[in-house]
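Chains as they are written, first to last, in this note's numbering: chain S, 1141 to 1254; chain F, 109 to 223.
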């Protein structure tokens, strides 16, 4: 079965600094990969997705992610973090037997210092 | 357009009681998915429903858990005779078609605590 690992439970960055959140997956074929964000009291919002093609994908809110097959990674990046980016971030992969069954990592909580 | 609504947001039940979690999909959406996030774990798929039909319940525990999505009203996730291990966050998502995961819109979740 596929799995997703987010090694960092909690990350703190200063506003304006760059950000990279790590995600590693275990999956036999080419995965469908996603990053979601959850702000306090809100539902999960899709930031970006990767299916195939260009390994660098752009998302909303200035985020991007790079798919690296050799490292089984799909890390999320942002060049300059804003205080409003403070939230929990989830990496996810779709089950190979369906296109709707998501498996999530445990999440990374991002704190942004002024 | 209101998003996916879940209520209650927090629910406390004693062991042996029943828990009912409700999910109102986005307007126009007829597909609902439930996920569970156990402490220290990622969200895991439980069940996929369309109106009046269970499409995929492969992630549902075999006992005590049931889900429905009636023709009218919200989808209900029901947990009978709750145990401490049921304490978790339960998320609902909805979509307008049976398309892929990227079309799912998530609610804020219900945090269930079993004492």
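We put the beta carbon where it would ideally sit given N, CA and C, even for glycine. These numbers were taken from a predicted model, which means no experiment stands behind them.
Query - Under 9 Å by beta carbon: chain S residues contacting residue 112 of chain F - result: For this step, residue 112 of chain F is matched to residue 4 along the second chain. The contacting residues are 1183.
**Report entry** Reduced DSSP secondary structure (H/G/I, E/B, other) of residue 162 of chain F
**Finding:** Translated into the one-based positions of the second chain, residue 162 of chain F becomes position 54. Strand.
**Report entry** C-alpha gap between residue 1157 of chain S and residue 1233 of chain S, whole angstroms
**Finding:** In the first chain, counting from the first residue as 1, residue 1157 of chain S sits at position 17. In the first chain, counting from the first residue as 1, residue 1233 of chain S sits at position 93. Whole-angstrom Cα-Cα distance: 28 Å.
Query raised in the report: Nearest chain F C-beta to residue 1242 of chain S closer than 7 Å, yes or no?
Result: Taking the first residue of the first chain as 1, we reach residue 1242 of chain S at position 102. Answer yes: the Cβ-Cβ gap between residue 1242 of chain S and chain F drops below 7 Å somewhere.
Query raised in the report: What do you get for residue 1200 of chain S, buried or exposed, if any count of 16 or more other CB atoms within 10 angstroms of its CB means buried?
Result: Here residue 1200 of chain S is taken as the residue at index 60 of the first chain, counted from 1. The residue is exposed, with fewer than 16 neighbouring Cβ atoms inside 10 Å.
Requested in this report: For residue 1208 of chain S, count neighbouring C-beta atoms within 10 Å of its own C-beta (all shown protein chains included) and say buried if the count is 16 or more, exposed if not.
Outcome: In the first chain, residue 1208 of chain S corresponds to position 68, counting from 1. Residue 1208 of chain S should be labelled exposed.
Query raised in the report: Could you give the residue range of the beta strand (DSSP E) that holds residue 1160 of chain S?
Result: Position 20 of the first chain, counted from the first residue, corresponds to residue 1160 of chain S. Taken as a continuous stretch (DSSP letters only), the beta strand (DSSP E) holding residue 1160 of chain S covers 1159-1161.
**Report entry** residue 217 of chain F versus residue 1225 of chain S: straight-line alpha-carbon distance, rounded
**Finding:** Numbered from its first residue, the second chain carries residue 217 of chain F at position 109. Numbered from its first residue, the first chain carries residue 1225 of chain S at position 85. Distance between the alpha carbons of residue 217 of chain F and residue 1225 of chain S: 20 Å.
Query raised in the report: For residue 211 of chain F, which of helix, strand or coil comes out of DSSP?
Result: Start at 1 with the first residue of the second chain, and residue 211 of chain F comes out as number 103. In the structure shown, residue 211 of chain F sits in a helix (DSSP, three-state: H, G or I).
Requested in this report: Give me whichever residues DSSP pairs with residue 1189 of chain S in a beta bridge.
Outcome: By 1-based counting over the first chain, the position of residue 1189 of chain S is 49. Under DSSP, residue 1189 of chain S forms a beta bridge with S:1174.
Report task. Using only alpha-carbon positions, find the residue among F:134, F:121, F:143 and F:116 that is nearest to residue 1240 of chain S. Result -> Mapped onto the first chain, residue 1240 of chain S falls at position 100. Nearest C-alpha to residue 1240 of chain S: F:143.
Query - Closest Cα partner of residue 223 of chain F within the set F:114, F:138 and F:194 - result: For the purposes of this step, residue 223 of chain F is identified with residue 115 of the second chain, where counting begins at 1. Looking at the Cα atoms, F:194 is the closest of the given residues.
Query raised in the report: Mind pulling the chain F residues with CB within less than 8 Å of residue 1245 of chain S?
Result: Mapped onto the first chain, residue 1245 of chain S falls at position 105. Per Cβ cutoff of 8 Å: 150.
**Report entry** Continuous beta strand (DSSP E) stretch holding residue 1141 of chain S: start and end
**Finding:** In the first chain, residue 1141 of chain S corresponds to position 1, counting from 1. Here residue 1141 of chain S belongs to no beta strand (DSSP E), and DSSP marks it neither H nor E.
**Report entry** chain F within 7 Å of residue 1233 of chain S, Cβ atoms only
**Finding:** Here residue 1233 of chain S refers to the residue found at position 93 of the first chain. For residue 1233 of chain S, the answer is no, since every Cβ of chain F falls outside 7 Å of its Cβ.
Query raised in the report: Under 9 Å Cβ-Cβ, which residues of chain S neighbour residue 141 of chain F?
Result: Here residue 141 of chain F corresponds to residue number 33 of the second chain, with the count starting at 1. By Cβ distance, chain S contributes 1240, 1241 and 1242.
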